[in-house]
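Okay, so here's the structure we're looking at.
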Amino acid sequence: MKHVKKAGSRTRVVTGGAIVAALALGGFGAYSASATGEETAAAPAAAKVDAKNKNTTRSTHLTIEAATKAAQATLDAAEKENQRVSVAVVDRNGDTVVTLRGDGAGPQSYESAVKKAYTAVSWNAPTSELAKRLTNAPTLKDIPGTLFLAGGAPVTAKGAPIAGIGVAGAPSGDLDEKFAQAGVATLGK
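Numbering-wise (the working numbering), the sequence shown opens with residue 14 and increments by one.
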C-alpha cells in the first residue's frame with residue numbers, strides 16, 4: 014500500500030489562491046463576453062471621471078443616410094452634365110462610407126474617387142488647392158492612399174473635417190471637384 018503525502022499548508026494556500034484567481038478571471042471573461050450593452054452601475058461613474066478629466070474627445074461623423082444623400086447628389090450633378098464618374102464618401106478617419114459608380118464610369122475612377130476623398134478629409138481642403146502645394150512640397154504625393162488631383166472636397170462641422178467627397182472620371186479635375194462640391198452643398202440643406 015502506498016502512502017500519500019499530505020500537502021503542507023503553504024502548498025494548500027498557493028493552490029487555493031491559484032484556484033480563486035482562475036475562477037475570478039474566468040468569471041470576468043464570462044461577464045465581459047456576455048455584456049449586452051446595457052449600462053452597469055460602474056459605467057456612469059467612469060463616464061463622469063473621463064468627462065471631468067477631459068481625457069476624452071467626441072467626434073462628429075456623417076450618418077450613412079447623409080453620406081448616401083451626398084453621394085447621390087454628387088452623381089446626379091455629374092449626370093446632368095452627361096459625365097460618367099465615380100463618387101466616394103469617406104469618414105473622418107478616411108474609411109469609405111459609401112461609393113457610387115455611375116453608369117459608364119471608367120475602371121480607374123473608383124479608386125481615384127476614394128483617394129481624392131481621403132486626401133480632402135486628411136488636409137481639410139479641396140484637393141485642387143492641395144495639388145498646388147506639390148510645387149513646394151513634391152513628396153506629399155508619396156503619402157500612401159492620397160491623390161493630389163482636383164476632385165476632392167472636405168465636409169466640415171464647426172470648422173473641423175468630418176468627411177470627404179471624392180469624384181473621378183470627368184474629363185477635368187475642375188469638373189470632378191464641382192460635382193463633389195454639389196454633394197457637400199446638399200448636406201447643408
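The beta-carbon is built from N, C-alpha and C at its ideal position, and this holds for glycine as well.
Keep in mind that this is a model prediction, so the values were computed, not measured.
Quick check: does the Cβ of residue i come within less than 8 Å of any heavy atom belonging to the ligand PLP?
i          : result
residue 83 : Absence of the ligand PLP from the depicted structure is noted, as is the absence of any ligand whatsoever, leaving it without description.
If you draw a straight line from the C-alpha of residue i to the C-alpha of residue j, how long is it?
i           : j           : result
residue 170 : residue 181 : 24 Å
residue 73  : residue 92  : 30 Å
Suppose the cutoff is 7 Å on Cβ atoms and the five residues either side in sequence are ignored; what does the same chain contact list for residue i look like?
i           : result
residue 109 : 101, 103, 127
residue 146 : 153
residue 50  : Caution is warranted here: a pLDDT of 47 is assigned to residue 50, below 50, making its placement in the model unreliable, and the coordinate value is therefore given only provisionally. Counting only Cβ-Cβ distances below 7 Å, and skipping sequence neighbours, we find nothing.
residue 195 : 86, 87, 90
Got a sec? Which residues, its chain only, sit under 6 Å from residue i by beta carbon, not counting five neighbours each side?
i           : result
residue 136 : 143
residue 97  : 115, 117, 118, 182
residue 130 : 101, 103, 165, 177, 178, 179
What does DSSP give as the partner residues of residue i in its beta bridges?
i           : result
residue 97  : Residue 97 is not bridged to any residue.
residue 114 : 99
residue 109 : 103
Hey, could you find the ends of the beta strand (DSSP E) residue i is sitting in?
i           : result
residue 176 : 173–181
Residue i by DSSP, collapsed to three states: which one?
i           : result
residue 167 : strand
residue 71  : coil
residue 188 : helix
residue 156 : coil
residue 139 : coil
residue 202 : coil
residue 4   : For residue 4 there is no data in the structure shown, the boundaries of the chain being 14 and 202.
residue 49  : Because residue 49 carries a pLDDT of 49, less than 50, the predicted location of this residue cannot be relied on, and no value is offered for it.
residue 130 : helix
residue 196 : helix
Quick one: residues in its chain with C-beta nearer than 8 Å to the C-beta of residue i, no 5 flanking neighbours on either side, listed in chain order?
i           : result
residue 190 : 139, 140, 141, 163, 164, 165, 166, 180
residue 79  : 200
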